[in-house]
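These notes concern the structure reproduced below.
Numbering (the UniProt record's numbering), first residue to last: 1 to 955.
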């Protein structure tokens, strides 16, 4: 059978067979080497532990010699100090004997242990003769040294092939010699200060000098053979011991002073040593200098303990190093053994499992990648994109692929990409938070200035009596109010609250009036069919802001000679839908779809938001309270209708304390229009069957089907009432009422003065253009509007805060005010009724004229006098569709004094279809002019054909 016809599995087996056999051979050798290294490391660890125990044993022997020096010289063989010191030495000997059982069986180590056993066997004999006539002081000290020196030399056997442990052995031996010399100095010094045999002093001084030199030599060997950190460790230990000695001397001085004794502080260590071993020195002379057995023991013990501390640390470090080497060798042995076994097994199954394993890994990688790309990362980005994301878990769970092949590298690379994406999203969220903080700071500062400006304007309005000057102040008031709303837009962008709340529910009509008062062209807004419902106090401020933005768009992008009609309808499901109709130039179907999508899903703040800031603010405010906003074409020939759906949760009122005492009812417009049967019966449970649903009114609830329940639930926005009512300057409803009352009062006063000054009266002229005869603005509230087809030339409607181009309003020129009724009079009269004597709801009319009885005494002059008298009290001419009292033009003027003003020239048609046609012709002419002036490179077919980059038809 030809090899070229072999199956893939067979080919893989053939390819892997020879390399696997060679690998198994070398793996066996490697495993054997690892086992040998492991054994050597274990032996080194046992030797290190034995050296550590031997050091404790030798230190115990040194302490026994030094501690028993003074009692034995005094003849106290059974002193508790002697018994305790020897017991500690016996315990150390037992520990050494126990550890000696586990040492490796090597010839060098055996010889060391035999030498140690022979030396320690003499310890009992030394104890029996120590510091007696049979064994003088120096002889006893050197006899003890012969016992523990073999134990110290055991550290030279550290290593067994490991360089680190070998270096530890040399360093430990050097510090052990240093501590041994220091111990001998301590013992000899105690003998010198406690001996009564002056004949021994020369021998003692000579021995002390020898061991002092040995200490210096051993410490130098430690410095040369040790590491820098070992030298630093010794210096720190000596400094600590010196500081401890000083504290002990200070404590002894305090104790002596308390006992009334005289305490002489000893000199330093060097001075003390020279004084002790100077010729002719004796214990009494040294005591006068402060050198006593106690002070010498304290000074020498501190240095000795410092050496012991360093020795123990080095011994423990040697044990740890040996243990680490042993564990590493053990791990290498297991790994190599496992690798050899795995190689043997894989040699037979890798060919068959290769394709399957690769397929599984690729499938796992694919599933994990799609899970991150379609679920985890979008959810995380969406959560971080929120204004208040809360606690976000940004930890990245690695893809469960631990292989080191290309698939594993791809998985790690994807994990890195995932981490970078999460990091970028987190940084963007942090950046947005910083920008929001900047927005908040700027807005708070601007709001403070604007509030001060509003206070000043309010003061000027209160003290101004000239109607013309007051009108200018009202314009400044409106401008400052719009500036405040712009500042609040920054707060909305930053996700902050405006801070203006009501602790009581507010009627919907008052909310609409407040929103109207914040629009520049407020006199063009007509309210009609507003049901009797109240808005939750927590949502009032944001709802006023939302409606003001929509009204600003409606008035800005419609002819200044048209009205913007606002209606409201109570739905069967107890929701309320507000409709804002304008007769503007409209939007395209694509713009409607894009805007509605953005309103339903407010985007993240970016540079594109600045193009339609108002709609973005509307979306944010609506999302905050579960309000739904949609735009659609108006039912007329052109224009746009904004639909604002208020959920039932914010239309049932609330915001105050229902159990508390109700404050005194204040004057509001709703109290006046409450007597209007149209508004009172706006929602009658008996008529609920005939009400229109949201779908019938053109509102698409399906656009919000995928919204999160928690995001759309308005209850989250209502945390209860705030503690205090807002200031008047920060209350748009109160300010609008106060402003309109002031305007109406001054107009009434001016009319009274003008009527009183006239001397002749004329019959009233019939006013042909009554407000009741206005052109109907479309179908009544609640009617459905057909969806007209958008013309290609129809320019899209733009947000109110975008810079307006001259091309939008180029067809609208200033015309004589007589060509259109003074719509501002309706708005002015509505809130000024209280100041001119209009009765509150439920009160009898105090200013209505009494009925006139027929009498033969009457004449034409009598009738004129009565009309002049009635002119002192302005007469209302009914109630508008919005529920506001209307002024009858010229009804309050004295007959015969009005001067007829001739009408102006011919009026230009302002019909929307005519305006759209003129704009389309203008645009067509501009395009033709641009086309005739272009070069060959700008012709159709070239890359640069069409309007330049600077040509941008604003929406």
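We put the CB at the ideal spot given by N, CA and C, even for glycine.
CB contact flag (residue i, residue j, <8 Å)
{"i": "residue 422", "j": "residue 397", "result": "no"}
{"i": "residue 559", "j": "residue 915", "result": "yes"}
{"i": "residue 514", "j": "residue 544", "result": "yes"}
{"i": "residue 269", "j": "residue 289", "result": "no"}
{"i": "residue 631", "j": "residue 638", "result": "no"}
{"i": "residue 985", "j": "residue 481", "result": "One cannot answer for residue 985 here, as it falls past the ends of the chain, which runs 1 to 955."}
{"i": "residue 138", "j": "residue 204", "result": "yes"}
{"i": "residue 492", "j": "residue 617", "result": "yes"}
{"i": "residue 956", "j": "residue 318", "result": "Residue 956 lies beyond the range of the chain shown here (1 to 955); nothing can be said about it."}
{"i": "residue 542", "j": "residue 599", "result": "no"}
{"i": "residue 298", "j": "residue 251", "result": "no"}
{"i": "residue 613", "j": "residue 489", "result": "yes"}
{"i": "residue 361", "j": "residue 403", "result": "yes"}
{"i": "residue 510", "j": "residue 537", "result": "no"}
{"i": "residue 646", "j": "residue 575", "result": "yes"}
{"i": "residue 85", "j": "residue 68", "result": "yes"}
{"i": "residue 628", "j": "residue 548", "result": "no"}
{"i": "residue 300", "j": "residue 182", "result": "yes"}
{"i": "residue 377", "j": "residue 401", "result": "no"}
Any non-hydrogen atom of the ligand NAP closer than 7 Å to residue i Cβ
{"i": "residue 494", "result": "Looking at this structure, you won't find the ligand NAP or any other ligand, since it has none at all."}
Residue i versus residue j: straight-line alpha-carbon distance, rounded
{"i": "residue 210", "j": "residue 42", "result": "40 Å"}
{"i": "residue 95", "j": "residue 130", "result": "24 Å"}
{"i": "residue 128", "j": "residue 61", "result": "15 Å"}
{"i": "residue 330", "j": "residue 174", "result": "32 Å"}
{"i": "residue 516", "j": "residue 448", "result": "23 Å"}
{"i": "residue 284", "j": "residue 140", "result": "25 Å"}
{"i": "residue 328", "j": "residue 26", "result": "20 Å"}
{"i": "residue 20", "j": "residue 336", "result": "15 Å"}
{"i": "residue 535", "j": "residue 648", "result": "10 Å"}
{"i": "residue 89", "j": "residue 24", "result": "55 Å"}
{"i": "residue 346", "j": "residue 332", "result": "20 Å"}
{"i": "residue 53", "j": "residue 417", "result": "55 Å"}
{"i": "residue 150", "j": "residue 233", "result": "26 Å"}
{"i": "residue 92", "j": "residue 55", "result": "9 Å"}
{"i": "residue 587", "j": "residue 520", "result": "22 Å"}
{"i": "residue 276", "j": "residue 156", "result": "35 Å"}
{"i": "residue 392", "j": "residue 246", "result": "57 Å"}
{"i": "residue 923", "j": "residue 505", "result": "50 Å"}
{"i": "residue 186", "j": "residue 278", "result": "17 Å"}
{"i": "residue 100", "j": "residue 78", "result": "32 Å"}
{"i": "residue 959", "j": "residue 37", "result": "Nothing can be reported for residue 959: it is not among the residues displayed for the chain, which extend from 1 to 955."}
{"i": "residue 625", "j": "residue 410", "result": "45 Å"}
{"i": "residue 76", "j": "residue 169", "result": "39 Å"}
Whole-angstrom C-beta distance between residue j and residue i, which should lie under 8 Å
{"i": "residue 314", "j": "residue 154", "result": "Not quite, the Cβ-Cβ distance comes to about 14 Å (not below 8 Å), so this is no contact."}
{"i": "residue 293", "j": "residue 152", "result": "Wrong, their Cβ atoms sit about 27 Å apart, outside the cutoff."}
{"i": "residue 368", "j": "residue 399", "result": "4 Å"}
{"i": "residue 564", "j": "residue 555", "result": "6 Å"}
{"i": "residue 650", "j": "residue 539", "result": "4 Å"}
{"i": "residue 253", "j": "residue 262", "result": "With 8 Å as the limit, residue 253 and residue 262 do not qualify as a contact, their Cβ atoms being about 10 Å apart."}
{"i": "residue 615", "j": "residue 580", "result": "Actually they do not touch by this definition, with Cβ atoms about 13 Å apart."}
Does the region 209-225 come within contact of the region 178-190, defined as at least 3 CB pairs closer than 8 Å? Taking 8 Å as the limit for Cβ pairs, the verdict is that the region 178-190 does touch the region 209-225.
At least 3 beta-carbon pairs within less than 8 Å: the region 456-469 vs the region 526-543: They do not touch, by the three-pair rule.
For the region 200-208 against the region 117-134, are there 3 or more C-beta pairs whose distance is under 8 Å? Under the Cβ criterion (8 Å, minimum of three pairs), the region 200-208 does not count as touching the region 117-134.
Between the region 322-341 and the region 31-41, do three or more beta carbon pairs fall short of 8 Å? The way I'd put it, the region 322-341 does touch the region 31-41; three or more beta-carbon pairs between them come closer than 8 Å.
Whole beta strand (DSSP E) elements within the region 108-174, 3-residue minimum: Entirely contained in the region 108-174, not one beta strand (DSSP E) run reaches 3 residues.
Evaluate the contact criterion for the region 36-53 versus the region 101-120: three or more CB pairs, one atom per stretch, below 8 Å. Yes: at least three Cβ pairs fall under 8 Å.
Does the pairing of the region 106-124 with the region 140-150 give three or more beta-carbon distances under 8 Å? A contact exists between the region 106-124 and the region 140-150.
Taking three-plus beta-carbon pairs below 8 Å as touching, is the region 71-87 in contact with the region 112-120? Touching, no, given that fewer than three Cβ pairs across the two stretches are closer than 8 Å.
How about the region 298-309 and the region 224-232: do they share at least three Cβ pairs that are nearer than 8 Å? Too few Cβ pairs lie closer than 8 Å, so no.
Along the chain, which unbroken stretches of the beta strand (DSSP E) at least 3 residues long are found entirely within the region 508-591? Qualifying beta strand (DSSP E) stretches, in chain order: 525-528, 564-570, 576-581.
For a minimum of 4 consecutive residues, which ranges assigned as the alpha helix (DSSP H) are wholly contained in the UniProt domain "HAMP" (356-426)? The qualifying runs are 377-385.
Which whole runs of the alpha helix (DSSP H) in the region 59-104 are 4 residues long or more, in chain order? Listed in chain order, the alpha helix (DSSP H) runs fully inside the region 59-104 are 80-99, counting runs of at least 4 residues.
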